[in-house]
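Numbering (this note's numbering), first residue to last: 91 to 380.
We put the CB at the ideal spot given by N, CA and C, even for glycine.
Report on the structure given below.
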């Protein structure tokens, strides 16, 4: 009985304490509600903006480019100049025909080289200007980009002339093979370090690996940096070696027709067509006389 009475007293005491606490809670909530400021619509918008964007970021881009296409342009510039050089020697001969065996061997490559150089400069200038203004590249260093494109174009023309002069029509296959290898190894679309080891090794030996870096820096605005100078040096080496081998090939091919018939060469195609037409005319004349 005493235990029941004691428990009842503790329950009553707890009830009184609970009521007192509830009263204090109610008073505190009422007091806090009075202290909350009344926000208008503008205040709510400002608070929402601050909470959602507590920090304002003003990005500063170093060497910004006009668009995403500028990232792929260095690769396609190099490819276009190389393919243009291949196409030149589908139209023109790499070695001039000799009028006789006494014709100096060293004259064989000169006229094709001059013709190829003129077309190489033209294609480089037109390519850069069209890409910059028509496509919207807006290169940071346009004069430097033109000079680099001319240097690359002259080198690629000299190299393709060398391949045709030394290997005849087989050189075209070698050129296309090198083109495919350079697409995979130049590192223009992904870091070369992520490529298989074979492509990492040949990366350092092929010219497009350097031209695409130089194009990239001239487009973005790095200026005359190490990449540009390195590319010009590599191109100069390839150019000199190509010219030397071309003259050697002309020296070795000591005949009136230094290169064999090329069924892909426009000049040989037209010549074969003219010969066929002349042969048909001759047969027709003999038939009429008979």
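Beta carbon of residue i nearer than 8 Å to that of residue j
i	j	result
residue 276	residue 165	yes
residue 309	residue 214	no
residue 247	residue 178	yes
residue 332	residue 252	yes
residue 355	residue 180	yes
residue 168	residue 305	yes
residue 174	residue 185	no
residue 256	residue 176	no
Residue i versus residue j - alpha carbon distance
i	j	result
residue 83	residue 183	The shown model of the chain, from 91 to 380, leaves out residue 83, and the question about it has no answer.
residue 98	residue 141	52 Å
residue 390	residue 138	Any property of residue 390 remains undetermined from this structure, which presents the chain solely from 91 to 380.
residue 235	residue 303	11 Å
residue 274	residue 266	13 Å
residue 249	residue 377	50 Å
residue 242	residue 292	19 Å
residue 370	residue 244	42 Å
residue 352	residue 375	30 Å
residue 325	residue 300	9 Å
residue 212	residue 379	52 Å
residue 272	residue 367	43 Å
residue 268	residue 219	27 Å
residue 201	residue 162	35 Å
residue 338	residue 348	12 Å
residue 116	residue 135	31 Å
residue 340	residue 203	12 Å
residue 327	residue 217	24 Å
residue 320	residue 296	13 Å
residue 114	residue 108	10 Å
residue 270	residue 373	47 Å
residue 254	residue 228	36 Å
Which of helix, strand or coil DSSP assigns to residue i
i	result
residue 276	coil
residue 341	helix
residue 311	coil
residue 189	coil
residue 199	coil
residue 295	coil
residue 62	With the chain covering 91 to 380 only, the question about residue 62 has no answer from this structure.
residue 333	helix
residue 231	coil
residue 161	helix
residue 259	coil
residue 355	coil
residue 383	Lying outside 91 to 380, the shown extent of the chain, residue 383 is not represented and no answer is given.
residue 319	helix
residue 182	coil
Check your understanding: Do three or more CB pairs link the stretch 201-209 to the stretch 270-289 at distances below 8 Å?
Key -> No: the two stretches stay apart, fewer than three of their Cβ pairs being nearer than 8 Å.
Practice item. Indicate whether the contact test is met: 3 or more Cβ pairs, each with one atom in the stretch 248-263 and one in the stretch 219-226, closer than 8 Å. Key: Verdict: no, contact absent.
Exercise for review: Tell me, please, whether the stretch 338-346 touches the stretch 177-197 by the rule of three or more beta-carbon pairs shorter than 8 Å.
Suggested key: Touching, per the Cβ criterion.
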